[in-house]
Amino acid sequence: MQKYISFFRLRFVNGLQYRAAALAGIATQFVWGAMGILIFKAFYEADASAFPMKFSALTSYIWMQQAFLALYMTWFLENEIFDAINNGNIAYELCRPIDIYNMWFTRSMANRISKAVLRCIPILIFAVFLPKPYGLSLPKDGKAVIWFLITMLLGFLLVVAFCMLVYIVTFYTISPMGVRMVAVTMVEFFAGAVIPLPFLPNGVRQVVEILPFASMQNVPLRIYSGDIAGRGLYASAGLQLFWLVILILAGKKLTAKALKKVALQGG
């Protein structure tokens with residue numbers, strides 16, 4: 091365990107060094123969040139009763155999404171891992187007395203958390219002080235805060251576990267680009283990153299909410315905004331835990347299978 095903690099610490103500290111990139115990301119996320127809210131505002135002014143979420147809940151959803159984008163963006167994948175698989179440097183990883191799945195999982199966690207730490211606080215402070223209904227509203231009660239934190243952690247781990255599957259599939263392909271494009275496009279939509287899932291038609295939404303992608307950012311953000319409450323809290327958290335176990339077990343099994351057939355070219 092100590093060696094994985096060391097990997098986490100080194101990657102986390104390394105990620106904190108990119109402050110200029112963080113500032114650029116903060117500015118981009120401010121603009122992106124404001125643009126999304128204003129677009130939805132135009133639709134709400136036409137007929138607010140036609141939408142499944144209150145506008146104040148939607149704005150909270152969007153600002154929290156932007157604040158913690160680094161935790162949930164599935165398109166943020168480490169090129170170092172892809173390069174190691176493609177150019178043969180994976181041999182150095184295999185020589186270490188570690189579990190490669192656990193090491194990559196730890197690295198991915200540290201990279202994402204370091205980026206979120208740099209970006210989330212300025213965005214949250216900015217959003218809180220915006221006038222209603224454009225700003226970030228606080229949760230209704232302490233119970234919502236607790237469940238938000240629990241599901242936020244589970245959703246984050248789900249994203250990392252899914253990204254691990256993308257890395258592992260690269261062992262079976264010539265180039266990772268195709269897998270990356272398909273995976274990112276699919277997950278971003280079904281996780282509620284493009285539009286919140288309650289805006290989907292009922293029949294489609296009920297199916298999508300069962301998938302592992304809906305257990306990522308969709309659940310914690312809707313709990314924070316008050317769109318998921320009551321028994322829905324327990325059902326959503328339980329589904330998150332279920333998919334987390336499934337994805338990690340699948341990732342470990344695929345990794346063990348892939349490493350049995352690794353072929354390195356050259357000297």
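Counting in the working numbering, the sequence shown runs from 91 upward without gaps. All C-beta atoms, glycine included, are put in the ideal place defined by N, C-alpha and C. Keep in mind it's a predicted model, so treat the numbers as computed, not measured.
Check	Outcome
Can you list, in chain order, the residues of its chain whose CB lies under 6 Å from that of residue 295, leaving out five sequence neighbours each side?	287
With a Cβ-Cβ cutoff of 7 Å, do residue 306 and residue 250 count as a contact?	no
How about residue 255 and residue 341: do their beta carbons lie closer than 7 Å?	yes
So what does DSSP say about residue 268, is it helix, strand or coil?	helix
Compare the Cα-Cα distances from residue 304 to each of 144, 228, 241 and report the closest residue.	241
Does DSSP classify residue 357 as helix, strand or coil?	Low confidence applies here, because residue 357 scores a pLDDT of 43, under 50, leaving its location unreliable and the question unanswered by this model.
Between residue 226 and residue 208, how many whole angstroms is the CB-CB distance? I'm expecting something under 8 Å.	In fact, because the Cβ distance is near 19 Å, the residues do not count as touching under 8 Å.
Helix, strand or coil: which one does DSSP assign to residue 246?	helix
Since residue 361 is in the alpha helix (DSSP H), which residue starts that stretch and which ends it?	The chain is shown from 91 up to 357; residue 361 falls before or after that span and cannot be answered.
Following the continuous alpha helix (DSSP H) through residue 144, name the residue where it begins and the one where it ends.	Note, residue 144: premise wrong, no alpha helix (DSSP H); not H, not E.
Taking DSSP as the reference, what is the three-state secondary structure of residue 281?	coil
At a threshold of 6 Å, does residue 289 count as lining the ligand FAD (C-beta to nearest heavy atom)?	No copy of the ligand FAD occurs in the structure displayed, which carries no ligand at all.
Work out the CA separation of residue 127 and residue 222 for me, nearest whole Å.	12 Å
Confirm, please, whether the CB-CB distance from residue 298 to residue 326 is below 7 Å.	no
Quick check for students: name the residue ranges of the alpha helix (DSSP H) that lie wholly in the stretch 132 to 193, counting only runs of 4 or more.	145 to 157, 159 to 162, 169 to 177, 180 to 185
For residue 146, collect the residues of the same chain with a Cβ closer than 6 Å to its Cβ; drop the 5 residues on either side in sequence, then sort them by chain order.	223, 227
Nearest to residue 276 by CA position, among 138, 322, 253, is which residue?	253
Can you tell me which of 105, 302, 120 puts its alpha carbon nearest to the alpha carbon of residue 333?	302
With distance defined between alpha-carbon atoms, name the residue in 169, 289, 312, 109 nearest to residue 238.	312
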